[in-house]
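Going by numbering that gives the first Met the number 0, the residue at position 114 of the sequence shown is 113; the numbering climbs one at a time, nothing skipped. Ideal Cβ positions, reconstructed from N, Cα and C, are used throughout, including at glycine. To start, the structure under review is shown below, and the notes come after it.
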Amino acid sequence: MSEANFYQPIKEQLEELFRNRGKQAYLEITATKGLSEKLKQKIPQNREIIFVFLKKKPDLFGFVEGQYSSDLITVEVKEKIGKLDDIYQAKLYKEVFDARYGFLITIEPIPEEIKRLCKNTYSILHSSVDSIYRFFVMVQFDKESGQFVDWFEKNPFVEEHYWK
0 MSEANFYQPI KEQLEELFRN RGKQAYLEIT ATKGLSEKLK QKIPQNREII
50 FVFLKKKPDL FGFVEGQYSS DLITVEVKEK IGKLDDIYQA KLYKEVFDAR
100 YGFLITIEPI PEEIKRLCKN TYSILHSSVD SIYRFFVMVQ FDKESGQFVD
150 WFEKNPFVEE HYWK
């Protein structure tokens with residue numbers, strides 16, 4: 000099965016996790032259709048130039064209405080994380096859209112070599128604009144159970160500081 004087969008169940012699982020934190024997430028599958036007008040409206044005006052340069056788009060994209068603005072969500076889905084380019088593609092989307100929440104989701108287990116490299120090279124999973132309220136994580140989506148397993152570095156949905 001291709002990664003596209005998992006977009007809908009991943010979308011639903013993420014929406015549920017946000018809902019459990021008291022946040023109403025709006026997510027769309029954008030890999031094939033691109034961004035809807037509703038999503039484009041949520042992108043800050045100084046960032047719309049992104050569309051001139053991006054040839055690909057995040058697999059899923061959305062937002063959570065914040066107190067003063069919309070907090071963007073980027074999601075990249077991979078069958079497996081096989082190289083650093085996979086991480087940097089997902090991180091690129093988070094950074095250029097200035098998303099508060101960034102996810103790289105893999106169907107296969109996260110390779111131990113990738114985990115070790117990320118532990119020893121802090122900047123791979125972190126950006127200069129990150130704060131204690133923003134995150135970029137990798138997680139495996141278990142196709143049998145339809146649940147997220149093996150969060151790396153940590154499951155952000157159990158970390159209180161992200162939800163203040």
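query                                                                                                                                                              : result
Taking one C-beta from the segment 127 to 140 and one from the segment 96 to 112 each time, how about it: are there three or more such pairs within less than 8 Å? : yes
Would you kindly report the start and end of the unbroken alpha helix (DSSP H) that includes Leu13?                                                                : Tyr6 to Asn19
Check the DSSP bridge columns for Ala24 and list the partner residues they point to.                                                                               : Val63
Return the chain-ordered ranges of every beta strand (DSSP E) run that is complete within the segment 62 to 141 and spans a minimum of 3 residues.                 : 69 to 77, 100 to 105 and 134 to 141
So Leu103 and Glu75 are supposed to be a Cβ contact under 8 Å. How far apart are they, rounded?                                                                    : 5 Å
On the criterion of 16 or more Cβ atoms from any shown chain inside 10 Å, does Gln44 qualify as buried, or is it exposed?                                          : exposed
Taking the alpha-carbon of Lys41 as reference, which of Tyr67, Asn119 and Asp129 has the nearest alpha-carbon?                                                     : Tyr67
In the DSSP assignment, what are the bridge partners of Phe147?                                                                                                    : Phe140
Measure the C-alpha to C-alpha separation of Ile80 and Val63 and round it to an integer number of angstroms.                                                       : 27 Å
Does DSSP put Leu53 in a helix, in a strand, or in coil?                                                                                                           : coil
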